[in-house]
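One structure below.
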Amino acid sequence: MEPIEGGMAYHSDYDRMMEECSSFGCQRYKETSMKVTFADGVRDFRYKVKEWFVDGELLTLVLEDIYYPLQVKLFYRVHEDLDIIERWREAENMGDEPIDLESFYSAEYSMPGDGYQSMNCNGTWISEFKTFSEPVDCGKKVYESTRGATAHVTSPYFILHQNATEETGEVFYGALAYSGNFKVVVEATPYDYVNVLIGISDTDFVWHLNRGESFAAPAVYAGYSADGFGGMSNTMSRFARKKVMPASTADQVLPILYNSWEAMTFDVNCTQQILLAEKAAQIGAELFVMDDGWFGKRNDDFAGLGDWDINPQKFPNGLTPLIDRVKELGMKFGIWIEPEMVNKDSDLYRSHPEWVYRYETREILEGRNQIMLDMTNPEVVAYLTDTIDKLLSENDIAYIKWDMNRSISECASACHDSLDYKSIWYRHTQGFYDMIRALRNRHPNVEFEACASGGGRVDYGAMQYFDEFWTSDNTDALDRLSIQEGYSYLYPIKYMRAWVTDKHRASLSFRTHCSMCGSLGIGMNLNSASPAELEQLRTMILRYKEIRPIVQFGELYRLKSLKQDEIQAVQYVLGEESVFFAFLPQQFRCKSHFLVKLRGLDENAMYRICFEDKQEIKGSAHMSADQAVLEMVKGKTSHKSGAYLMNNGLELKLSGDYDSIFVVLTKD
Ligand code: DGJ
333 MEPIEGGMAY
343 HSDYDRMMEE
353 CSSFGCQRYK
363 ETSMKVTFAD
373 GVRDFRYKVK
383 EWFVDGELLT
393 LVLEDIYYPL
403 QVKLFYRVHE
413 DLDIIERWRE
423 AENMGDEPID
433 LESFYSAEYS
443 MPGDGYQSMN
453 CNGTWISEFK
463 TFSEPVDCGK
473 KVYESTRGAT
483 AHVTSPYFIL
493 HQNATEETGE
503 VFYGALAYSG
513 NFKVVVEATP
523 YDYVNVLIGI
533 SDTDFVWHLN
543 RGESFAAPAV
553 YAGYSADGFG
563 GMSNTMSRFA
573 RKKVMPASTA
583 DQVLPILYNS
593 WEAMTFDVNC
603 TQQILLAEKA
613 AQIGAELFVM
623 DDGWFGKRND
633 DFAGLGDWDI
643 NPQKFPNGLT
653 PLIDRVKELG
663 MKFGIWIEPE
673 MVNKDSDLYR
683 SHPEWVYRYE
693 TREILEGRNQ
703 IMLDMTNPEV
713 VAYLTDTIDK
723 LLSENDIAYI
733 KWDMNRSISE
743 CASACHDSLD
753 YKSIWYRHTQ
763 GFYDMIRALR
773 NRHPNVEFEA
783 CASGGGRVDY
793 GAMQYFDEFW
803 TSDNTDALDR
813 LSIQEGYSYL
823 YPIKYMRAWV
833 TDKHRASLSF
843 RTHCSMCGSL
853 GIGMNLNSAS
863 PAELEQLRTM
873 ILRYKEIRPI
883 VQFGELYRLK
893 SLKQDEIQAV
903 QYVLGEESVF
913 FAFLPQQFRC
923 KSHFLVKLRG
933 LDENAMYRIC
943 FEDKQEIKGS
953 AHMSADQAVL
963 EMVKGKTSHK
973 SGAYLMNNGL
983 ELKLSGDYDS
993 IFVVLTKD
């Protein structure tokens, strides 16, 4: 490092340095990537690199304190073919005295130069994934969850760019594989670099390392795109599919799901669910999911959580009659649970009041009338695992929607010493992982969906154990367009569950097209849908089944965004085929013709372009034969070259309010 002219005068060489592992102390005044307290009260980790080694794709750097017996290993795994570097860290106490880790991020990245913008989401329940880019000129940007789970507020990743667009500009990014309290710090240093820290949040965190113990921080998957946000999204989706998602389902398309929540809320019973299932099968659903309300005394959200036995009034003969009928109709059966929670009004809470997080001297604050079970207590995790295991073993259940509807408060546990309370946030996440891991091992064929009041548990940690995410409780199609767009920057489309519901602001075809942009599900009350609506849904589902590999596994191109354009347009390309959706929420000044440049096509090839008919409700009540329906839906066709479609664009006609279009392109 060049000395600063005029000597040190307040400059810290440590702050000037771009580091791989800055540690609190020495003369560092920037936000540092770790902080320890040794038994004698010394709080800086002064290290040298003891050794480093390379084993295949893995580089390990071993840092060792020059006085105290603390080692920190920095791991770098290069996924060269997928263009991602995975990093994580581990601290080990090599001595006899205890050492406290007060902050221990997973990785640190120093970005040389300035002019960066930092992108992340600002959100809340029913308004997830609102993306923003803000200049990093001064001070720190902190994106953090202190709620005990990922939560809706912001996302556990960093994205830094310099005026990047979808197709151009450099983007540096990294996502944390963790579902608990996280923190991302993006700091504009005065020394011509931006420092980024990402890992477990250090708010209310202390991990005691006793003799011989080690602590590993979760992995970060990081990459670089030279061609804008689009390059970033597609690289991460490919990586997620190859390295993060459960291998058994990563390459399989997700089934078309029907979910009863928006139609019935807690008011479920065997007869009415069978009626729904019959309609769901009629329109082509492959998985029928009964949501909340089937267990304990669950008639509203005041009671029942924790009592995972079938409600005898609603299901006098258990779940078997419903499951049998669902299977007879050719669908799989799925069910909702929220295992980490309990209502005060439940048998579980009455028999185990000590199984929840609480301070002896404080009232337990409720959220959605529920409190949180102590997932740091192995007895609780074992009990819950066995209970859900029993449910899965005794009933032919092929899918679980695992919900979590409140954040942690009173973070204290009857099974830990009070000096250990600051580790509970982290331990909760580990308890949750232990439970889902055990259930997956015992039931390898069950599909699991992660949900936390909508998109509160969307992260690369949960992705290791779940097959899909419930994106948001907001199912209004127009809102969804922006939620889905925000989601898609760093998370794979396949995991984005999207239901068509009865939220009626837009036409049924607009709503269905919007949900077809992800993994399609239906949440309408099919018992009150008209025959024409059912037929329209059936037609569109049939068509979705044909194109779903392109949507779920294809390259994604965000072509137009309602953030700045009059329409939203998105395209997916897989091999020789591509699908395109465009949405016009509101016609403006009579403009009804739009030209959208497509991407990802072969410029030397000709494409057959098929504009799908909208199939708006025409009053047709009968179910026509599948093939005839598909032919009818496949509307006008034309042929254009890839070069024309990418350089001139695809001409569209969209008019009125809530108009949408669905186009399939196939190489000739
Ligand atoms: C919140 C979820 O996000 C909804 O989809 C639904 O499952 C309810 N919980 C049920 O209580």
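Just so we're aligned, residue 333 is where the sequence shown starts under the numbering used here, counting upward by one.
Idealized CB from N, CA, C, for every residue including glycine.
Check your understanding: CB of G786 to nearest heavy atom of ligand 1: below 8 Å?
Key -> yes
Practice item. State the beta-bridge partners of M622 as determined by DSSP. Key: I667
Point to revise | Separation of S442 from R419, as counted between CA atoms | key: 14 Å
Check your understanding: Taking DSSP as the reference, what is the three-state secondary structure of A730?
Key -> coil
Check your understanding: Any idea if D718 is buried or exposed, counting beta-carbon neighbours within 10 angstroms, 16 or more meaning buried?
Key -> exposed
**Study point:** Pairwise C-alpha distance: K362 and V552
**Key:** 21 Å
Practice item. Please determine if the stretch 650 to 658 and the stretch 718 to 730 are in contact, where contact requires at least 3 C-beta pairs separated by less than 8 Å. Key: yes
Exercise for review: Identify whether V712 lies in helix, strand or coil by the three-state DSSP scheme.
Suggested key: helix
Exercise for review: With a threshold of 8 Å, establish whether the CB of E383 neighbours any heavy atom of ligand 1.
Suggested key: no
Practice item. Could you pull out every residue in the same chain whose Cβ sits closer than 6 Å to the Cβ of F943, ignoring the five residues on either side in sequence? Key: G967, K968 and V995
Exercise for review: For M848, collect the residues of the same chain with a Cβ closer than 6 Å to its Cβ; drop the 5 residues on either side in sequence, then sort them by chain order.
Suggested key: Y876
**Study point:** Distance, S511 Cα to Q884 Cα
**Key:** 23 Å
Check your understanding: Tell me which same chain residues have a C-beta within less than 6 Å of the C-beta of T844, skipping the five on either side of it?
Key -> V832 and M872
Exercise for review: Rank D376, V381 and V410 by C-alpha distance to the C-alpha of L391 and give the top, closest one.
Suggested key: V410
Review point. What do you get for H484, buried or exposed, if any count of 16 or more other CB atoms within 10 angstroms of its CB means buried?
Key: buried
Exercise for review: Would you kindly check if the distance between the Cβ of L492 and the Cβ of S450 is under 9 Å?
Suggested key: yes
**Study point:** S580 burial status per 10 Å Cβ neighbour count (16 or more: buried)
**Key:** exposed
Point to revise | Nearest residue (CA-CA) to A830, options E781, I667, R774 and Y475 | key: E781
Check your understanding: If you measure from the CB of N857, is any heavy atom of ligand 1 nearer than 8 Å?
Key -> no
Check your understanding: If you draw a straight line from the alpha carbon of N1079 to that of S924, how long is it in whole angstroms?
Key -> Since the displayed the chain opens at 333 and closes at 1000, residue 1079 lies outside it and no answer follows.
Check your understanding: Distance, Cα to Cα, F764 vs M736?
Key -> 11 Å
Review point. Is L982 close to chain D, meaning its C-beta is less than 9 Å from at least one C-beta of that chain?
Key: Checking the listed chains, one finds no chain D in this structure; it contains a single protein chain.
Check your understanding: Is any heavy atom in ligand 3 found nearer than 8 Å to the beta carbon of N591?
Key -> No copy of ligand 3 appears in this structure; the ligands present are ligand 1.
Check your understanding: Can we count W802 as close to ligand 1, meaning its CB is less than 8 Å from some heavy atom?
Key -> yes
**Study point:** Pick from C783, R789, P776 and N709 that is closest to S755, judged by C-alpha positions
**Key:** N709
Review point. Helix, strand or coil for T719 per DSSP?
Key: helix
**Study point:** Distance between M707 and G327 (C-alpha atoms, nearest Å)
**Key:** With the chain covering 333 to 1000 only, the question about residue 327 has no answer from this structure.
Check your understanding: Secondary structure at M736, three-state DSSP: helix, strand or coil?
Key -> coil
Practice item. Using DSSP bridges, identify the partner residues of W420. Key: F407
Check your understanding: Between the Cα of N566 and the Cα atoms of N859, P863 and I825, which residue gives the shortest distance?
Key -> I825
Exercise for review: Measure the alpha-carbon distance for Y731 versus E935 and round it to whole angstroms.
Suggested key: 42 Å
Review point. Cβ-heavy atom distance between N309 and ligand 1 below 8 Å?
Key: The structure shown does not extend to residue 309, since the chain is modelled only from 333 to 1000, so the question has no answer here.
**Study point:** Three-state secondary structure assigned by DSSP to F885
**Key:** helix
Review point. Ligand 1 heavy atoms versus the CB of E460: any closer than 8 Å?
Key: no
**Study point:** Nearest-angstrom Cβ-Cβ length linking Y681 and G628, presumed shorter than 8 Å
**Key:** Their Cβ separation, rounded to whole angstroms, is 11 Å, which puts Y681 and G628 out of contact at 8 Å.
Check your understanding: How would you write the range of the beta strand (DSSP E) that D504 sits in, first residue to last?
Key -> It should be pointed out that residue 504 corresponds to Phe in this sequence rather than to Asp. Taken as a continuous stretch (DSSP letters only), the beta strand (DSSP E) holding F504 covers V503 to L508.
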